[in-house]
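Peer 1:
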Amino acid sequence: MMNYQDIITIEPGKRSGKPCIRGMRITVYDVLSYLASGMTYEEILEEFPYLTKEDILACLSYQK
Numbered sequence: 005m006m007n008y009q010d011i012i013t014i015e016p017g018k019r020s021g022k023p024c025i026r027g028m029r030i031t032v033y034d035v036l037s038y039l040a041s042g043m044t045y046e047e048i049l050e051e052f053p054y055l056t057k058e059d060i061l062a063c064l065s066y067q068k
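Under this note's numbering, the first residue of the sequence shown carries the number 5, and numbering increases by one thereafter.
Next up, the structure:
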């Protein structure tokens, strides 16, 4: 079972302390916004090749 806490990171100096994926500058909010706008997992992964399906699932599992 995947643990989103292994993927989602929070660093005070990065993206104003918003939760990011694996220390990168893409936030949980960014990914959720793409999904909400109608993008599929495949479209997100194609647009952002450094992301994985597990990253997207971690965003969906994230609880503040």
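Virtual Cβ for every residue (Gly too), placed ideally from N, Cα, C.
What do you reckon, are the CB atoms on I11 and V35 nearer than 7 angstroms?
Peer 2: no
Peer 1: Where does A62 land, buried or exposed, given buried means 16+ other C-beta within 10 angstroms?
Peer 2: Buried: at least 16 other Cβ atoms inside 10 Å.
Peer 1: How is I25 classed by DSSP in three states: helix, strand or coil?
Peer 2: strand
Peer 1: According to DSSP, simplified to helix, strand and coil, what is I12?
Peer 2: strand
Peer 1: I'd like the span of the alpha helix (DSSP H) that includes I30, first residue to last.
Peer 2: Note, I30: premise wrong, no alpha helix (DSSP H); not H, not E.
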